[in-house]
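Next up, the structure:
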């Protein structure tokens, strides 16, 4: 393979935008705000920023340096260091494949919501009428219109992972559309990807900025922003806070998938990746904080509306129960009247007490919602209460699509680049065909996520398909560079590319701090998995109109085991294969030399 013929980014700006588009994804919009809420608001920023500089930036730098030096995808890059390490690249490809299989279904959901945003009344704004046309569907009333639309209209979800009612046609068509667009974005490699990232990396910031302006002007938005930045310092003594901060940095930057190695392999040899690693890492973390302000502003609006609606229901209940004048009780004086009526009419109030709701703004804000619930339920709940809700809905789901598609560019590139390096398809238009085959393969397998039980499989892949393997891969990466390839040799490679050696900060991180942090994360994950007992998932109960914790069946537990082992096992199995092959060839050459000696 001639390295000089390798395609390159048109400019360093294209490369930076590709990294930003890949690293800044859906996790910045929904995962970080959830962790911030769960671990003490502004107090969470302390461990988060520490982990950024102790773990995130150094490992980001390391992967960019490896890709730019070797000018190969993940498999080729690690094989070039040692044939025994090729399994690390293979493990990255397998993990990226798992991610591609389920990640694009989120884009399919975004398309579904986007298309439904053009209706005169948003379909998740109110409950549909039942078959007898006597009132709203009971399941929707027990849940909420937004939950019902997500679980029953979008997913058409079954009651458990064991029940499967076939493919949801609308979701399947949206998934096909998502994969067609992904293919068009990556079909020409960096030549097409480099053009696309100008849009996928920048437009989400335009939408976020528009949402920020709209969000902070919403009624009650300040309650959410205050909640975010009010630190609960006691959370700093909680080990889980530090573990989650480290894990968020780790996954937000997209380490271990092979995408960064693939992207940097298309750089000019003397490109200044050191500065780019710092810039992209800071942009990524800054985006998480920026998106959280937007999220908490909208979340504060939703919580305030829910709180005031609760007070209004209580006000009407008191007016009707005690035959009071309409203007005698206001929302602001509800609790004053409760105390007054309780003291004046204790017996009558005691009968009413069981029907009173506990209206509390802090409780509304404390209600943590993770993952897709935040993106497709909480945001939708807030959007439906905004003026011009269709406009805000369209903008929001276009932003989600661009964030998701930007991340997909990196995920698919991590698979295609190693295959191109080894010329799996050697036709003149091989790259076009290879991209098509990879996308088609992922699409066909991904259709399983559009079945009625597909969201449960989505959760399984999301929880177990990448976490364990990525911790293992990146731990082996940093140990390989520091202690097998050698930190001195790595320093010389960097000096050859940049004209100077890395300073003491980088070397301490690579040889000491980052490996220790990764080992701690790895051990913590294993202990939690063992202590957790039988794996569980949230199954939708149609009678109750809510999710209930359910244990995975035996086949689900076996599949989880396969997910955990399949990518990690690539490392030792490849090393064993190379060892056996070398030994076999060595024995063959030795026998040949013996025969030659006897003949002589």
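In the numbering used here, the protein residues as written are 24 to 623. Where is the CB? At the ideal position from N, CA and C, for every residue including glycine. None of these values were measured; they are calculated from a predicted model.
Check, Outcome
"Residue range of the beta strand (DSSP E) that includes residue 258", "First-last for residue 258: undefined, no H or E at that position."
"Environment of residue 84 [buried if 16+ CB atoms lie within 10 Å]", "buried"
"Residues that residue 564 bridges to, as DSSP identifies them", "569"
"DSSP-derived helix/strand/coil call for residue 186", "coil"
"Closest residue to residue 490 among 479, 167, 471, 546 (Cα-Cα distance)", "546"
"Simplified DSSP state of residue 225, which is helix, strand or coil", "coil"
"Cα-Cα separation between residue 289 and residue 562, rounded to whole angstroms", "44 Å"
"Meets three-Cβ-pair contact criterion under 8 Å: the segment 272–282 and the segment 69–81", "yes"
"Start and end residues, alpha helix (DSSP H) containing residue 135", "109–139"
"Bridge-paired residues (DSSP) for residue 559", "574"
"Residue 513 Cβ short of 7 Å to the ligand HEM heavy atom set", "By its list of ligands, the structure shown contains no ligand whatsoever, and the ligand HEM lies outside what it can speak to."
"Sub-8 Å separation of residue 411 and residue 198 beta-carbons", "no"
"Residue 97 versus residue 401: straight-line alpha-carbon distance, rounded", "38 Å"
"Whole-number beta carbon distance between residue 53 and residue 127, since they are thought to touch under 8 Å", "Wrong, their Cβ atoms sit about 17 Å apart, outside the cutoff."
"Beta carbon of residue 426 nearer than 8 Å to that of residue 124", "no"
"Residue 66 classed as buried or exposed, judged by whether at least 16 other C-beta atoms fall within 10 angstroms", "buried"
"Best match in 31, 574, 585 for proximity to residue 291 [C-alpha to C-alpha]", "31"
"Euclidean distance between Cα positions of residue 634 and residue 170", "Residue 634 falls outside the range modelled here, since the chain spans only 24 to 623, and no answer is possible."
"Secondary structure of residue 152, DSSP reduced to three states", "strand"
"Chain-order list of residues whose beta-carbon lies under 8 Å from that of residue 224 (same chain, five-residue window excluded)", "40, 41, 43, 44, 47, 429"
"Proximity below 8 Å, CB of residue 106 to CB of residue 601", "yes"
"Reduced DSSP category for residue 377 - H, G, I as helix; E, B as strand; rest coil", "coil"
"Nearest-angstrom Cα separation, counted from residue 316 out to residue 419", "15 Å"
"Backbone secondary structure at residue 503 - three-state DSSP", "helix"
"Nearest-angstrom Cα separation, counted from residue 367 out to residue 226", "60 Å"
"Inter-residue CB distance, residue 499 and residue 116 (contact presumed, cutoff 8 Å)", "That belief does not hold up - the Cβ atoms of residue 499 and residue 116 are roughly 15 Å apart, past 8 Å."
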